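Visitor: Dropping a structure here in structure tokens format, bear with me for questions.
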Amino acid sequence: MSDTLKPRPTYRNIHVSQIVKYRLPPAGIVSILHRVSGVGMFLLMPFIIWMFDASVTSEISHAGFTSVFSSGVGFLPGWLFKLIALGLIWAFLHHFIAGIRHLWMDMTHAVTKEFGHNSALVTLSLSVVLTVLLGAKLFF
């Protein structure tokens with residue numbers, strides 16, 4: 053039976069034309085998303101600071117803050133701000149959970165292929181499930 057199976061190609065130096073065929077393992081996906089979420093949170097830091105400032109300064113600023121999310125500002129609709137906030141929620145949750153994963157692997161020296169695969173799947177699923185739960189609260 054093994055004679056009929058086509059051998060899997062090995063990629064050492066991936067050329068641009070091979071990127072489409074390359075199947076990144078879950079640990080690699082988590083690693084890339086960990087970096088993307090960190091950059092996203094850094095770039096949206098002014099929005100995060102504005103949200104915090106507007107929500108705690110006074111009752112009037114809090115009312116303006118909530119109106120941005122319900123009716124929008126200018127030509128930008130409120131759902132766009134909710135979508136940005138949802139992206140920030142995902143970025144924070146994923147970055148936090150992936151950070152805990154990396155700390156756990158560093159502290160316990162659990163650097164096996166199996167643990168990396170399983171913990172990456174847990175990280176991806178936890179961040180998505182928690183984002184959906186908090187997103188339901190945000191949108192409904």
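In this note's numbering, the protein residues as written are 53 to 192.
A virtual CB, placed ideally from N, CA and C, is assigned to each residue, including glycine.
Predicted model only: the values in this text are computed from it and were never measured.
Taking Cβ positions, are PHE133 and PHE121 nearer each other than 8 angstroms?
Guide: Yes; because the gap between Cβ atoms is below 8 angstroms, this pair is in contact.
Visitor: Give a yes or no on whether 8 angstroms exceeds the smallest Cβ distance from SER110 to chain B.
Guide: Absent from the structure: chain B. Only one protein chain is present.
Visitor: Relative to the C-alpha of PRO98, which candidate in ILE81, ALA172, LEU140 has its C-alpha closest?
Guide: The residue with the shortest Cα to Cα distance from PRO98 is LEU140.
Visitor: Between the region 164-173 and the region 78-94, are three or more C-beta pairs nearer than 8 angstroms?
Guide: They touch, by the three-pair rule.
Visitor: In angstroms with no decimal places, state the Cα-to-Cα distance between GLY124 and TRP131.
Guide: About 7 angstroms.
Visitor: For my contact list, HIS146 and SER89 are in at a C-beta cut-off of 8 angstroms; report their separation, rounded to the angstrom.
Guide: At roughly 5 angstroms, the Cβ-Cβ gap stays under 8 angstroms, so HIS146 and SER89 are in contact.
Visitor: Distance check for HIS114 and PRO61, CA to CA, integer angstroms please.
Guide: Taking the straight line from one Cα to the other gives about 57 angstroms.
Visitor: What number of angstroms, rounded off, separates the C-alpha of TRP156 from the C-alpha of ALA162?
Guide: Distance between the alpha carbons of TRP156 and ALA162: 8 angstroms.
Visitor: Considering only DSSP beta bridges, list what LEU128 is partnered with.
Guide: VAL125.
Visitor: So what does DSSP say about ILE149, is it helix, strand or coil?
Guide: It is helical.
Visitor: Between SER177, ALA188, HIS86, LYS58, which lies nearest to LEU138 when the distance is taken from Cα to Cα?
Guide: That would be ALA188, whose Cα lies nearest to the Cα of LEU138.
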